[in-house]
Amino acid sequence: MTAAEDREQERSQLEHDLKTPLAVIIGYGELVGSRDDERSRLEASRMIVEAAERLSGEVDALLDRFLPRL
Amino acid sequence: MGITPQATVAVLLVEDDAMVRGWVRMSLEGTEFRLAGEASSAGEALELVPRRVPDVLLVDYRLPDQVGTEFLRDRRRSGDSTPAVLMTANAEQGFNELAREAGAQGTSMKTGRAEELLNALRLVAAGGTAFDARHPRRPAGLAALSPREREVLRLMAGGATNREIAEQLDVGAETIKTLVARTFTKLGVRKRAEAVAVAHELGIL
Numbered sequence: 422m423t424a425a426e427d428r429e430q431e432r433s434q435l436e437h438d439l440k441t442p443l444a445v446i447i448g449y450g451e452l453v454g455s456r457d458d459e460r461s462r463l464e465a466s467r468m469i470v471e472a473a474e475r476l477s478g479e480v481d482a483l484l485d486r487f488l489p490r491l
Numbered sequence: 303m304g305i306t307p308q309a310t311v312a313v314l315l316v317e318d319d320a321m322v323r324g325w326v327r328m329s330l331e332g333t334e335f336r337l338a339g340e341a342s343s344a345g346e347a348l349e350l351v352p353r354r355v356p357d358v359l360l361v362d363y364r365l366p367d368q369v370g371t372e373f374l375r376d377r378r379r380s381g382d383s384t385p386a387v388l389m390t391a392n393a394e395q396g397f398n399e400l401a402r403e404a405g406a407q408g409t410s411m412k413t414g415r416a417e418e419l420l421n422a423l424r425l426v427a428a429g430g431t432a433f434d435a436r437h438p439r440r441p442a443g444l445a446a447l448s449p450r451e452r453e454v455l456r457l458m459a460g461g462a463t464n465r466e467i468a469e470q471l472d473v474g475a476e477t478i479k480t481l482v483a484r485t486f487t488k489l490g491v492r493k494r495a496e497a498v499a500v501a502h503e504l505g506i507l
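Protein chains in written order, with the numbering used here: chain A, 422 to 491; chain B, 303 to 507.
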């Protein structure tokens with residue numbers, strides 16, 4: 422595999438890892454606003470927090486990799 | 303409040319991410335769709351599909367044991383014609399073409415917008431197609447490979463020489479030369495190793 426292909430694949434994986442929890446946050450955020458039953462709203466809120474925590478972990482890993490603390 | 307439609311269209315979800323599965327499950331609630339089953343890998347789905355007999359397959363592209371396009375290609379080879387929508391988190395160049403070649407009727411990006419997913423499922427369940435226009439088109443040279451060219455590529459990836467490929471496919475050496483050249487042109491490469499690498503990246507192999 423060429424360096425350009427390697428880079429493209431790495432970028433695609435990174436994009437996937439960041440966008441998936443973001444999509445989950447957007448998705449459950451939409452559902453919180455549109456559902457009136459308590460069970461769904463609670464479940465959606467819980468998943469938003471879980472996805473945000475996962476995203477935070479991804480951002481930390483990204484920062485450590487590209488801009489590690491001195 | 304409107305009348306809740308009857309959930310009559312059975313969707314089988316193949317997705318390894320539990321959060322995404324939960325979101326899809328909740329997004330289908332109160333619609334005409336019901337989840338006929340959930341699988342977290344292609345292997346699991348393989349066992350589930352014949353037992354649940356879904357109306358639509360909703361398949362993630364990046365599965366832990368197989369890419370979604372190859373899973374679908376295998377389903378089509380085994381005679382399963384259940385309409386299918388392939389999901390990705392990213393806009394990927396050539397993804398719609400790849401999905402079409404694998405036998406999908408639609409693609410949907412995992413943006414978190416339930417209406418986008420439901421619209422794709424509705425179109426496909428009704429016998430139509432729904433390919434997400436946000437996936438950039440495949441560059442002109444990367445045209446679809448024929449089944450024969452795909453077979454040549456598979457043997458090439460296994461390290462076979464032109465002569466060995468000719469023997470295995472029971473065709474002449476000149477035919478193989480032509481097939482190899484045509485495959486290279488379509489993939490936009492000049493060497494065997496490049497062809498195999500590009501094919502892997504596109505999920506052809």
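Note that the Cβ used here is the ideal one computed from N, Cα and C, for glycine as well.
Note that the coordinates shown come from a computational prediction; the quantities given were computed from them, not determined experimentally.
{"Item": "Would you decide whether T480 of chain B is buried or exposed? Buried here means 16 or more other CB atoms lie within 10 Å of its CB.", "Value": "exposed"}
{"Item": "Name the two residues that bound the continuous beta strand (DSSP E) containing A336 of chain B.", "Value": "In the sequence on display, residue 336 of chain B carries Arg and not Ala. Element bounds for R336 of chain B: 335-341."}
{"Item": "Output yes or no for whether 8 Å exceeds the beta carbon distance between F397 of chain B and H437 of chain B.", "Value": "yes"}
{"Item": "Beta-carbon of L540 of chain A versus every beta-carbon of chain B: anything under 8 Å?", "Value": "For chain A, the structure presents residues 422 to 491; residue 540 of chain A sits outside this window and is missing."}
{"Item": "Beta-carbon separation of M328 of chain B and S461 of chain A under 8 Å?", "Value": "yes"}
{"Item": "Strictly under 8 Å for the Cβ-Cβ distance: is A424 of chain A near chain B by that measure?", "Value": "no"}
{"Item": "Three or more beta-carbon pairs under 8 Å between the segment 435-455 of chain A and the segment 409-422 of chain B, yes or no?", "Value": "yes"}
{"Item": "According to DSSP, is D458 of chain A helix, strand or coil?", "Value": "coil"}
{"Item": "In angstroms, rounded to a whole number, what distance separates the CA positions of V473 of chain B and R494 of chain B?", "Value": "20 Å"}
{"Item": "Taking the alpha-carbon positions, what's the R467 of chain A to L507 of chain B distance?", "Value": "39 Å"}
{"Item": "Cutting at 7 Å between CB atoms, please list the residues of its own chain near T463 of chain B, excluding the five before and the five after it.", "Value": "none"}
{"Item": "For the alpha helix (DSSP H) containing D376 of chain B, name the first residue and the last one.", "Value": "370-379"}
{"Item": "At 8 Å on the CB atoms, spell out the chain A contacts of A391 of chain B, in chain order.", "Value": "E436, H437, K440, T441, A444"}
{"Item": "Sort B:A428, B:S343, B:E496 by Cα distance to L455 of chain B and report the nearest one.", "Value": "B:E496"}
{"Item": "Evaluate R492 of chain B with the Cβ neighbour count: other Cβ atoms within 10 Å of its Cβ, from every protein chain shown; 16 or more gives buried, anything less gives exposed.", "Value": "exposed"}
{"Item": "Determine the direct distance from the alpha carbon of E317 of chain B to that of Q323 of chain B, and round the result to whole angstroms.", "Value": "The sequence shown places Arg at residue 323 of chain B, not Gln. In a straight line, the C-alpha of R323 of chain B is about 6 Å away from that of E317 of chain B."}
{"Item": "Measuring straight from C-alpha to C-alpha, what distance separates V351 of chain B and A432 of chain B?", "Value": "22 Å"}
{"Item": "Reducing DSSP to helix, strand and coil, say where A386 of chain B ends up.", "Value": "strand"}
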